[in-house]
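Trainee: Numbering (the numbering used here), first residue to last: 420 to 900.
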Ligand SMILES: [Zn+2]
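#1: On a CA-only basis, which of 831, 728, 687 is nearest residue 760? Give me that one, please.
#2: For residue 779 and residue 660, what's the separation of their Cα atoms in angstroms?
#3: So, is residue 833 buried or exposed, given that buried needs 16 or more other C-beta atoms within 10 angstroms?
#4: Sorry if obvious, but does the Cβ on residue 764 come closer than 7 Å to a heavy atom of ligand 1?
#5: Tell me the residue span of the beta strand (DSSP E) that contains residue 836.
#6: Taking 8 Å as the threshold (beta carbon to beta carbon), is residue 527 in contact with chain C?
#7: Between 506, 616, 625, which has its C-alpha nearest residue 570's C-alpha?
#8: Does the Cβ of residue 540 lie closer than 7 Å to at least one heavy atom of ligand 1?
#9: With distances taken from CA atoms, which of 892, 681, 787 is nearest residue 567?
#10: Could you tell me whether any non-hydrogen atom of ligand 1 is closer than 7 Å to the CB of residue 600?
#11: Tell whether a beta-carbon distance below 8 Å holds between residue 673 and residue 712.
#12: Do you know how far the Cα of residue 714 is from the Cα of residue 741?
#13: Going straight from the alpha carbon of residue 771 to that of residue 578, what length do you get?
#14: Any heavy atom of ligand 1 closer than 7 Å to the CB of residue 510?
#15: Would the segment 863–883 count as touching the segment 781–796 if we require 3 or more Cβ pairs under 8 Å?
#16: Do residue 497 and residue 902 have their beta-carbon atoms positioned less than 8 Å apart in this structure?
#17: Answer yes if the segment 879–893 comes into contact with the segment 802–809, meaning at least three C-beta pairs across the two stretches below 8 Å, and no otherwise.
#18: Helix, strand or coil for residue 748? Go by DSSP, reduced to three states.
#19: If you draw a straight line from the alpha carbon of residue 877 to that of residue 592, how long is it in whole angstroms?
#20: Use the C-beta contact count for residue 819: other C-beta atoms within 10 angstroms, 16 or more gives buried, fewer gives exposed.
#21: Would you please state the rounded distance, in angstroms, between the beta carbons of residue 707 and residue 678? I believe it to be under 8 Å.
#22: Taking buried to mean at least 16 other C-beta atoms within 10 Å of its own C-beta, is residue 543 buried or exposed?
#23: Would you kindly work out how many angstroms separate the C-alpha atoms of residue 470 and residue 482, rounded to a whole number?
#24: Measuring straight from C-alpha to C-alpha, what distance separates residue 829 and residue 840?
#25: By Cβ distance, which residues of its chain are closer than 6 Å to residue 887, with the 5 residues on each side in sequence left out?
#26: So for residue 638, helix, strand or coil by DSSP?
#27: Report all residues from its chain with a CB closer than 7 Å to the CB of residue 553; omit the five preceding and five following residues, and keep chain order.
#28: Taking only three categories from DSSP, how would you classify residue 468?
#29: Can you give me the C-alpha to C-alpha distance between residue 777 and residue 637, rounded to a whole angstrom?
Structure, rendered in structure tokens:
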């Protein structure tokens, strides 16, 4: 190992030493860390710098040569020092469905991928996060299990309008709703009149409403005619045809109306159809407060490459064709799509029904937490897109959506000292052993990627280094500031 790791090893040694007495522990706490790299990604792009940490926060960004006396220097040489990533769309499934996923495994997968803040979706847990008692149950369930920081979206479902003001006061970052069946019976989807009720209750709150933007009409009609034709549900083409672009377009038109009528802050989760982009561009042009995310899987895979029966690729909306994928990239580069999330949504492998390979019977959701950074790095290098954009798409913009940008999403003085140390050139192939989430089933297995997370820091201390988790689960809930 080169000299750059020597100081770090000493530090870790002290941190890991089981019987390092209180003296060692205390001296570690008061000694500042200084992180140095020739490529530190700040809001102004990559700079040569030394980042000085004061306890849990970034104290200063100093010239590269400057290391304050007494600070522990961690010299990452030419590896990239990136802001800890923020993934605002993750299904942690706890409490209640820990056989699917849970705080421990989801947050370790995040830490291994340089992700230091997760925002959990409200539907897969039991109880669903649709009132304050359910939120409190989630808060208790997370205690002592989170390896990275987290927050929880609340849910807007049919019939819970009365619960929304109290949930909003509980300092959640915002709300999520479905315009089509969510797959979870306890998380009822809403139509336009339900949303009017909800918006009335939330009037005056600045919290965003996140929406799964597909409506059921076009999906039901397409499914009926596919069934009438006797289509083969083992074919990916059948599944793709069952969730047409028009389901997304009609949903987004509805959400644009809502933004217009209520001035509501709307966020479109996992946009898959590039055909909806003109509608979004027009709404933005009119100044409506609408933000948009797409997901890693829509930027990486294409329908043409998905084998029949390979239900590990099933998600909704579905992965569309390669031309559509390139239009999503273009919109991301132009800033019409604001951010990239994973929509990590795992389930027990049996629920993917891979023996039958029927797309209509398999659970929808792709497991990918921890892989987003190398996947995007690989895809961006192929397209000649500068890696700088990562900090906007996968850190600053999702932090802002979740109301966390005062402390998360940027390497800047005053922000939490959250970092991903990333070697962008390492080439590797994804194997099940590289996955840290509960069930090692993912369409990315076998993918040849470029770039690897070497180390992850959470609020001033490393939590993951060279394949190992360090210390204890120190993650905390983050509330909107
Ligand atoms: Zn989702």
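C-beta atoms are modelled at their ideal positions from N, C-alpha and C, and glycine is treated no differently.
Mentor: Taking the coordinates as given:
#1: Counting from one through the chain shown, the residue named residue 760 turns up at place 341. Out of 831, 728, 687, 687 has the C-alpha closest to the C-alpha of residue 760.
#2: Your numbering for residue 779 matches position 360 in the chain shown. Your numbering for residue 660 matches position 241 in the chain shown. Using only the alpha carbons, I get a separation of about 12 Å.
#3: Walking along the chain shown from the start, residue 833 turns up at place 414. Its Cβ having fewer than 16 others within 10 Å, residue 833 is exposed.
#4: Position 345 of the chain shown, counted from the start, is the residue given in the question as residue 764. Yes, since a heavy atom of ligand 1 falls inside the 7 Å radius drawn around the Cβ of residue 764.
#5: Here residue 836 refers to the residue found at position 417 when the chain shown is read from its first residue. Per DSSP, residue 836 belongs to no beta strand (DSSP E) and is neither H nor E.
#6: No chain C is part of this structure, which consists of one protein chain only.
#7: The residue labelled residue 570 in the question sits at position 151 within the chain shown. Per the Cα distances, 506.
#8: As a first step, residue 540 is located in the chain shown; it is residue number 121 there, counting from the start. At least one heavy atom of ligand 1 is nearer than 7 Å to the Cβ of residue 540, so yes.
#9: Counting from one through the chain shown, the residue named residue 567 turns up at place 148. Nearest of 892, 681, 787 to residue 567, Cα basis: 892.
#10: In the chain shown, counting from the first residue as 1, residue 600 sits at position 181. No.
#11: Indexing the chain shown from 1 puts residue 673 at position 254. Indexing the chain shown from 1 puts residue 712 at position 293. It is not a contact, given that the beta carbons lie outside the stated cut-off.
#12: For the purposes of this step, residue 741 is taken as residue 322 along the chain shown, with counting starting at 1. For the purposes of this step, residue 714 is taken as residue 295 along the chain shown, with counting starting at 1. Roughly 15 Å separates the two Cα atoms.
#13: Here the question's residue 771 lines up with position 352 in the chain shown. Here the question's residue 578 lines up with position 159 in the chain shown. Cα to Cα, residue 771 sits roughly 31 Å from residue 578.
#14: Here residue 510 refers to the residue found at position 91 when the chain shown is read from its first residue. The answer is yes for residue 510.
#15: yes
#16: An answer regarding residue 902 cannot be provided, because it is not within the stretch 420 to 900 covered by the chain.
#17: no
#18: For this step, residue 748 is matched to residue 329 along the chain shown. Here residue 748 sits in helix by DSSP.
#19: Counting from 1 along the chain shown, the entry for residue 877 is found at position 458. Counting from 1 along the chain shown, the entry for residue 592 is found at position 173. When rounded, the distance between both Cα atoms is 20 Å.
#20: For this step, residue 819 is matched to residue 400 along the chain shown. Label assigned to residue 819: buried.
#21: Locating residue 707 in the chain shown gives position 288, counting from the first residue. Locating residue 678 in the chain shown gives position 259, counting from the first residue. That pair is a contact at about 4 Å.
#22: The residue labelled residue 543 in the question sits at position 124 within the chain shown. Looking at its Cβ environment, which holds 16 or more other Cβ atoms inside 10 Å, residue 543 is buried.
#23: Residue mapping note: residue 470 aligns to position 51 of the chain shown, counting from 1. Residue mapping note: residue 482 aligns to position 63 of the chain shown, counting from 1. Answer to the nearest angstrom: the Cα atoms are 9 Å apart.
#24: Here residue 829 refers to the residue found at position 410 of the chain shown. Here residue 840 refers to the residue found at position 421 of the chain shown. Rounded to the nearest angstrom, the two C-alpha atoms are 14 Å apart.
#25: On the chain shown, residue 887 is found 468 positions in, with the first residue counted as 1. Hits under 6 Å: none found.
#26: What you label residue 638 is simply residue 219 of the chain shown in a count that begins at 1. Reduced to three states, the DSSP call for residue 638 is helix.
#27: Counting from one through the chain shown, the residue named residue 553 turns up at place 134. Cβ within range, chain order: 546, 547.
#28: Within the chain shown, residue 468 is the residue found at index 49, counting from 1. In the structure shown, residue 468 sits in a strand (DSSP, three-state: E or B).
#29: Position 358 of the chain shown, counting from 1, holds the residue named residue 777. Position 218 of the chain shown, counting from 1, holds the residue named residue 637. So the two alpha carbons sit approximately 21 Å from each other.
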